[in-house]
Amino acid sequence: MARRTSRGLIAAATTTAALFTLAGPVSALPSAADAAYAGLPQARLFMVNPVQSSGDQSLADGKDSTGAVPASAYALAALRNLDGSGSLSGKWAYVRSETGAPAKITDVGAYSRTDDQFEQVMAYFWVNEAQEYLQGLGFGSELPGANDRAQPVRINQYGADNSFFTDKKAEIRFGKGGVDDAEDAEVIVHEYGHAVHNAQVPGFGTSPEAGAIGEAFGDYLAVEVGDHADAAYGWPRKADLACVADWDSISYSTAPHCLRRVDGNKVYADRVGEVHADGEIWSRALFDIRGALGARTADRIIVNAQFGFRPDTSFQDAALTTIATAQRMYGKSAADAVRAAFKARQIPGIA
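Read left to right, the sequence shown gives residues -28 to -1, 1 to 323 (mature numbering (1 follows the signal peptide of the UniProt record, and there is no 0)).
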């Protein structure tokens, strides 16, 4: 079953400035390692997305125009874990394009958003970044792997402004139109969140509440990976952390632009039977767990708990599983914080 998030389109323009250059994550770059990262292909990409890094809510697509986005929205960063084939294929991702020629590793530092290859590079970098984040939490070493494989990705599969994960091929597909979806790292990582869920629990999302949990986790993971990258690379964040996909949403939201938020005030009684809308109940609980325990502890609990979800889980059962996981991993204090987050969303059976 496909996991879909529809998006719209728009256009306009803005200014130009200087390019950030960084070989690898600051946290992974002690001076002795600088040369090793500098030897990797340096890709030109967005620092999560242009709205987030610039704070400019007036940015617009401009029909893929290079001039519609300031040069200061781009950074150079290393493409890690490539397999040496010369294509965007590696340990955690391999990218194929349905439009435009495949990106050349020798040219990844020169592409801009007007090039089809730019979205290919973005997809590779951010899928790799997301899995490296999970690896850094211990998944794949002290904890079970969470989609620790080369994730298949297709760019512009349908030439439509829509992206989704399909469990038939365990593949992520990114569309185009308006802001091309793979121009926004939070859209990329959101879809990767579905791939993680499906790897943990094959066929996850067969009930309305399980589907909402899937959308919520995708939003939450997008925020987490982007925030971690900003800190690790020293990139600027000039927009609200809790806002998901600021750039992709410029054509279908009012300023400040957001596809959805992870800090809303919805509770269980506010369910409307639409997975993206209802997901904002669950994502707020996850965001509150993060606020109470810190990102690393929260995310280890949240992701580890998902191994125990049923494909058709309910909010209540998933919350109880997450509380039990917190208790097992970190004890009563952590479990109480997790319980409080779900209780605040008025999830049934959480007292």
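For each residue, glycine too, the CB sits at the ideal point set by N, CA and C.
Beta bridge pairing from DSSP links arginine 16 with Leu48.
A check of alpha carbon separations from histidine 200 across Asp271, Gly72, Met94 identifies Asp271 as the nearest. Scanning its chain for C-beta atoms nearer than 6 Å, with the 5 sequence neighbours on each side dropped, one finds around alanine 277 the residues Thr293, Thr294, Thr297, in chain order. When secondary structure is reduced to three states using DSSP, glycine 62 falls in the strand class.
Taking a cut-off of 8 Å on C-beta distances, the stretch 86 to 98 touches the stretch 61 to 77, as three or more cross pairs fall below it. Shown here, phenylalanine 314 sits in a helix according to DSSP, grouped into three states.
When C-beta atoms of the stretch 178 to 193 are compared with those of the stretch 113 to 125, fewer than three pairs fall below 8 Å, so the two segments do not count as touching. Residue range 123 to 127 is occupied by the beta strand (DSSP E) that includes valine 125. For the set Gly58, Thr78, Tyr164, the Cα lying nearest the Cα of tyrosine 105 is the one of Tyr164. For alanine 257, the closest alpha carbon among the candidates Met19, Gly245, Asn237, Gln299 is that of Asn237. Annotation for arginine 16: Leu(-10), Tyr46, Ala47, Leu48, Val80, Gly81, Ala82, Tyr83, Ser84, Phe90, Val93 place their beta carbon closer than 8 Å to its own, counting only its chain and skipping 5 residues before and after. Straight through space, the alpha carbons of valine 99 and aspartate 153 are spaced by roughly 14 Å.
Of the other Cβ atoms in all chains shown, fewer than 16 fall within 10 Å of the Cβ of proline 320; this residue is therefore exposed.
Note on proline 22: 16 or more other CB atoms within 10 angstroms of its CB, so buried under the neighbour-count rule. Between the beta-carbon of glutamine 299 and that of alanine 307 there is about 4 Å, and that keeps the pair under the 8 Å contact cut. Rounded to the nearest whole angstrom, the C-alpha separation of alanine 323 and tryptophan 254 is 16 Å. In the displayed model, valine 234 falls within coil according to three-state DSSP, outside both helix and strand. The stretch 50 to 67 and the stretch 33 to 41 do not touch, with fewer than 3 CB-CB distances between them shorter than 8 Å. Distance from the Cα of proline 116 is smallest, within the candidate group Ala102, Ala171, Ala65, for Ala171. Per DSSP, isoleucine 319 lies in no alpha helix (DSSP H) and is assigned neither H nor E. Shown here, leucine 265 sits in a helix according to DSSP, grouped into three states.
Between tyrosine 205 and the set Ile222, Gly245, Glu101, Gly110, the nearest pair of CA atoms involves Glu101.
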